[in-house]
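Trainee: Numbering of the sequence shown is given in my numbering, commencing with residue 1 and proceeding in unit increments.
Where is the CB? At the ideal position from N, CA and C, for every residue including glycine.
Every value quoted in this text rests on a predicted model; they were computed, and no experiment measured them.
Here it is, the structure, as structure tokens.
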Amino acid sequence: MKHLLATAISSALLLTACSEPQTTTTNTQTEQTATAAQVQPANPLFVKSALQYETPDFNAIKDEHFMPAFNKGMTEQMAEVQAIINNSAKPDFSNTIVALEKSGELLTRTRSIFYNLAGSDSNPARREIQKELAPKMAAHNDNIFLNKALFEKVAAIHAESDTLALSAEETRLLDVYYKRFVRAGAQLNEEQKQQIRDINTKHSSLTTQFSQNLLALTKSNVVLVADKAQLEGLPAGQIEQLANAATEAGHPGQYLIKITNTTRQPILAALKNRELREKVWRASAERALSGENSNREIVAELAQLRAQKAKLLGYDSWAAFGLESQMAKKPEAVFDMFASMIPALMQNVNAEAAAIQAKIDASGEQFKLQPWDWLFYAEQVRKDKYNLDENAVKEYFEFNRVLEDGVFFTMNRLYGITFKPRNDLPVYHPDVKAYELFDADGKSLAIFFADYFAREGKRGGAWMSSFVKQSGLKEQKPVVVNVMNIQKGASGEPTLISYDEATTIFHELGHGLHGMFSNVKYPTLSGTSVSRDFVEFPSTFEEDWAMYPEVIANYAKHHETGEPIPDELLTKVIQSRSFNQGFDTLEYVAAALLDMEWHSLPADAPLQDIEKFEQQALTKHGVNVPFIPPRYKSAFFSHSMGGGYSAGYYAYMWSEILAADAFAYVQEQGGLTRKMGDKYRKEILEVGNSRDLMESFKAFRGQEPDTSALLKRRGLKATVQ
Ligand SMILES: [Zn+2]
């Protein structure tokens, strides 16, 4: 899963704050250096790094430096916040909002470095710190955003914002701060605050129980097979793995099939035995609905608690509360977005289902397609159509060529930028490579760390994050990192990657440029600090250049002969990507709608019967297709019920719609040109969250997005008879 580490962190720790801008005269700098040399600060985190753009000095930072820096950082920020509260002058934008933006310099620096390393280069010491830190940081955040005196100052400034001569960016910043306080519950009276705290406590124990039930089920909810013959269709290596898993679990001589976290079980694509397929599918789709690890009541209660909390905060539903801070703004916008694509989507689904039913009929079987049959027969259809050899494809995707002649080449053509290696800068692991980013006019823009290879201690997936965020106020330039988990070639051998991995490098650098092109004043509004339903737009937008003819001709060359990838093979690669997209899209859309419906319930709605509710919700939107159930059902829908993406699972597709629409527009306007690149950079990437996101989109695109380009991007036919 591609995503942003930065968003995960900032949603947990709502305050992004920063330092007093340092005086930059030579004298002061010399003085500071002299002082630093005399005092010899034992902890390098206590002072700003002297390296270019405050790039962390990874050689000097040790794990024992983190906790003291966090503690000191929190204490310092609370003192700064207290000073804002104690200021007897009339509260204004400068002495309150800007002061908050400037607070917490040490904490911000420590947090950025620590969470980056905890994700990409973890170890037992760092995991211990993470555990110790979580409750402390949550409390620190509450101490700021539930502070009555501080909120009163912010509210007073917000109330008279029309009369203040604020710039557009300042107005936006004030609004962002005001809403953060309101949404945390700062406006409520003591009794209501107590109710919120009670709900939060109950909610927190229920979400924990929800996750723990699922965790327990990953062990207990498995399918054991005694007879090897039932596993016909699986490759020998996989059968061996299942045998080992059974032995480990105390069932030697048998075969143990684990259930993965979605409704879809990849093993079904190869399992010939229909009865076993049904058994595996049911173990997946019906999990957590009964028995000691049931989430049945928990789901209903969570939905009700969230509705009650939303009501206390002044909203009609949890979805209304959640969407207000997003680009979509209202639940209706999300429902409309899905409604506009469902007719075309269902047409594609029906065509895919017909092809699969034909395959079943042709095999001499006499049954009607069921959910446990889909993947198995879809795989047969796919083989008939494409018969793609992934290893043959990889020969044309050598890592360095993809990065330099593909990704960097594209960025140069679009934006005029160049990446120059900076081998003199310290890195946190020998596999990490530092670059400096230069603009077309030779001006230095940012430092970029490339951390692409898998290793122990790195969590799975791919993401972008920042060590230093761009901010005019703090006179800071961005220091950004891209992290992936590419398997490095053996020593002396080239690293050959899949086409998907190649597009992921484009994707992550899309996030990277969102951070590195940022050109705003206030750090809270900088770069990727946008809403969840916008953040994947810049990354998905860059993905599509990977298959742009001029780009692919420049990088997809055989690693030994340098021959370009044969047209026939390339066409297969591209076409095979749109295979089964009706199924993929529908199972996602159904889950996203389920998430929206649960969180659209009003506070006075009774506790729901989970299965009945699901059926009604899917039927209401015309997506109740028995053989394509939602990707997650409510009882194991961690995004939605676990909390992180409640009323927010739609966001992935919202971002993709923006990206597809913007990319299609660029193609209409001449494709890979500086003219389009510069316009996109100016209206989308440089502005970060400093203005309304739909306004930014329209400034670039000339109109609001629609879903037709997305359907095309996914290879779905958009015509409805
Ligand atoms: Zn992403």
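#1: For ligand 1, I want to know if residue 540 counts as a neighbour, meaning its beta carbon is within less than 8 Å of at least one of the ligand's heavy atoms.
#2: Return yes when at least one heavy atom of ligand 1 lies under 8 Å from the C-beta of residue 468, else no.
#3: Suppose the cutoff is 7 Å on Cβ atoms and the five residues either side in sequence are ignored; what does the same chain contact list for residue 437 look like?
#4: At the level of alpha carbons, what is the spacing between residue 592 and residue 518?
#5: Please go through the same chain and pick out, in chain order, the residues whose beta-carbon is closer than 8 Å to the beta-carbon of residue 95, but skip the five residues on each side of it.
#6: Where residue 426 and residue 358 are concerned, what is the direct C-alpha to C-alpha distance, given to the nearest angstrom?
#7: Can you tell which of 80, 186 and 308 has the C-alpha that lies nearest to the C-alpha of residue 147?
#8: Which residue from 628, 341, 360 and 391 puts its Cα closest to that of residue 709?
#9: Going by the C-beta, is residue 536 closer than 8 Å to any heavy atom of ligand 1?
#10: For the alpha helix (DSSP H) containing residue 420, list its first residue and its last residue.
#11: Tell me, to the nearest whole angstrom, how far the beta carbon of residue 486 is from that of residue 495; I am working on the premise that it is less than 8 Å.
#12: Between the region 693 to 708 and the region 363 to 375, do three or more beta carbon pairs fall short of 8 Å?
#13: Mark residue 25 as exposed unless 16 or more other C-beta atoms lie within 10 angstroms of its C-beta, in which case mark it buried.
#14: Going by beta carbon distance, what residues of the same chain come within less than 6 Å of residue 462, once the five residues before and after it are set aside?
#15: If I measure Cβ to Cβ from residue 621 and keep anything under 6 Å in the same chain, skipping five residues before and after, which residues do I get?
#16: Using only the alpha-carbon positions, how far apart do residue 464 and residue 132 sit?
#17: Taking DSSP as the reference, what is the three-state secondary structure of residue 227?
#18: Using DSSP with H/G/I as helix, E/B as strand and the rest coil, what is residue 447?
#19: Count the other C-beta atoms from every protein chain shown that fall within 10 angstroms of the C-beta of residue 160, then say buried if there are 16 or more, exposed otherwise.
#20: Which ranges does the alpha helix (DSSP H) cover as unbroken runs of at least 4 residues, wholly within the region 119 to 173, from first to last along the chain?
#21: In the structure shown, what three-state DSSP assignment does residue 327 receive?
#22: Ligand 1 heavy atoms versus the CB of residue 140: any closer than 8 Å?
#23: Using a 10 Å radius around the Cβ and a threshold of 16 neighbouring Cβ atoms, would you call residue 352 buried or exposed?
#24: Please confirm whether any heavy atom of ligand 1 lies closer than 8 Å to the CB of residue 65.
#25: Using a threshold of 9 Å, state whether the C-beta atoms of residue 630 and residue 311 are closer than that.
#26: For a test of your reading of the model: does the CB of residue 654 fall under 8 Å from any non-hydrogen atom of ligand 1? Yes or no.
#27: Does any heavy atom of ligand 1 sit closer than 8 Å to the C-beta of residue 694?
#28: Just checking, does the region 295 to 304 make contact with the region 195 to 213 on the three C-beta pairs under 8 Å criterion?
#29: Whole angstroms are fine: how far does the CA of residue 644 sit from the CA of residue 526?
#30: Within 10 angstroms of its Cβ, does residue 267 collect 16 or more other Cβ (buried), or is it exposed?
#31: DSSP beta-bridge partners for residue 341?
#32: With a cut-off of 8 Å on the beta carbons, I'd call residue 537 and residue 658 a contact; round off their distance for me.
#33: Apart from the five residues on each side of it in sequence, which residues of its chain come closer than 6 Å, Cβ to Cβ, to residue 543?
#34: Measure the beta-carbon distance from residue 49 to residue 77 and round it to whole angstroms, keeping in mind my assumption that it falls under 8 Å.
#35: Looking at residue 508 and ligand 1, is the gap between the Cβ and the nearest heavy atom below 8 Å?
#36: Do you know whose CA, among 458, 637, 252 and 683, lies nearest residue 595's CA?
Mentor: Answer, in terms of the structure:
#1: Looking up residue 540 in the sequence shown gives position 540. Yes, the Cβ of residue 540 comes within 8 Å of a heavy atom of ligand 1.
#2: The sequence position of residue 468 within the sequence shown is 468, counting from 1. Residue 468: no, Cβ never under 8 Å from ligand 1.
#3: To locate residue 437, count along the sequence shown from 1; it is residue 437. Closer than 7 Å at Cβ, skipping near neighbours: 417, 419, 445, 446, 448 and 516.
#4: On the sequence shown, residue 592 is found 592 positions in, with the first residue counted as 1. On the sequence shown, residue 518 is found 518 positions in, with the first residue counted as 1. Computed Cα separation, rounded: 31 Å.
#5: Sequence index remark: in the sequence shown, residue 95 carries index 95 (1-based). Around residue 95: 84, 87 and 89.
#6: On the sequence shown, position 426 is the one that residue 426 refers to. On the sequence shown, position 358 is the one that residue 358 refers to. Each residue's alpha carbon lies about 60 Å from the other.
#7: Position 147 of the sequence shown, counting from 1, holds the residue named residue 147. Nearest option by C-alpha distance: 186.
#8: Position 709 of the sequence shown, counted from the first residue, corresponds to residue 709. Per the Cα distances, 341.
#9: Stepping through the sequence shown from its first residue, residue 536 is reached at position 536. Yes.
#10: By 1-based counting over the sequence shown, the position of residue 420 is 420. No alpha helix (DSSP H) holds residue 420; the beta strand (DSSP E) holding it covers 418 to 421.
#11: In the sequence shown, the residue the question calls residue 486 occupies position 486. In the sequence shown, the residue the question calls residue 495 occupies position 495. Right, the Cβ-Cβ distance comes to about 7 Å (below 8 Å), so this counts as a contact.
#12: no
#13: Residue numbering aside, residue 25 sits at position 25 when the sequence shown is read from its first letter. Summary for residue 25: the model assigns pLDDT 31, below 50, so the residue's position carries little reliability; its value from the coordinates is reported in the next sentence. The residue is exposed, with fewer than 16 neighbouring Cβ atoms inside 10 Å.
#14: Residue numbering aside, residue 462 sits at position 462 when the sequence shown is read from its first letter. 2, 484, 504 and 508, listed in sequence order.
#15: Indexing the sequence shown from 1 puts residue 621 at position 621. 593, listed in sequence order.
#16: Position 464 of the sequence shown, counted from the start, is the residue given in the question as residue 464. Position 132 of the sequence shown, counted from the start, is the residue given in the question as residue 132. Residue 464 and residue 132: Cα-Cα distance of roughly 25 Å.
#17: Stepping through the sequence shown from its first residue, residue 227 is reached at position 227. Correct three-state label for residue 227: coil.
#18: In the sequence shown, counting from the first residue as 1, residue 447 sits at position 447. The answer is strand: DSSP assigns residue 447 an E or B state.
#19: Along the sequence shown, read from residue 1 onward, the residue named residue 160 stands at position 160. Exposed.
#20: 124 to 145 and 148 to 159
#21: Here residue 327 corresponds to residue number 327 of the sequence shown, with the count starting at 1. DSSP places residue 327 in coil when its eight states are reduced to three.
#22: One-based indexing of the sequence shown puts residue 140 at position 140. Incorrect: residue 140 has no Cβ contact closer than 8 Å to ligand 1.
#23: Walking along the sequence shown from the start, residue 352 turns up at place 352. With 16 or more other Cβ atoms within 10 Å, it is buried.
#24: One-based indexing of the sequence shown puts residue 65 at position 65. No - ligand 1 has no heavy atom lying nearer than 8 Å to the Cβ of residue 65.
#25: The sequence position of residue 630 within the sequence shown is 630, counting from 1. The sequence position of residue 311 within the sequence shown is 311, counting from 1. In this structure, residue 311 does not lie closer than 9 Å to residue 630 by Cβ.
#26: Position 654 of the sequence shown, counting from 1, holds the residue named residue 654. False, no ligand heavy atom lies under 8 Å from that Cβ.
#27: Reading the sequence shown from its first residue, position 694 is the one you call residue 694. Result no, Cβ not under 8 Å from ligand 1.
#28: yes
#29: Your numbering for residue 526 matches position 526 in the sequence shown. Your numbering for residue 644 matches position 644 in the sequence shown. The alpha-carbon atoms of residue 526 and residue 644 are separated by roughly 22 Å.
#30: Translated into positions along the sequence shown, residue 267 becomes position 267. The residue in question, residue 267, is buried, as its Cβ has 16 or more Cβ neighbours within 10 Å.
#31: Position 341 of the sequence shown, counted from the start, is the residue given in the question as residue 341. None, per the DSSP bridge assignment.
#32: Position 537 of the sequence shown, counted from the first residue, corresponds to residue 537. Position 658 of the sequence shown, counted from the first residue, corresponds to residue 658. That pair is a contact at about 4 Å.
#33: Stepping through the sequence shown from its first residue, residue 543 is reached at position 543. Answer for residue 543: 503, 506 and 507, listed in chain order.
#34: The residue labelled residue 49 in the question sits at position 49 within the sequence shown. The residue labelled residue 77 in the question sits at position 77 within the sequence shown. Not quite, the Cβ-Cβ distance comes to about 19 Å (not below 8 Å), so this is no contact.
#35: Position 508 of the sequence shown, counted from the first residue, corresponds to residue 508. It does: the Cβ of residue 508 is within 8 Å (strictly closer) of some heavy atom of ligand 1.
#36: Translated into the one-based positions of the sequence shown, residue 595 becomes position 595. Looking at the Cα atoms, 637 is the closest of the given residues.
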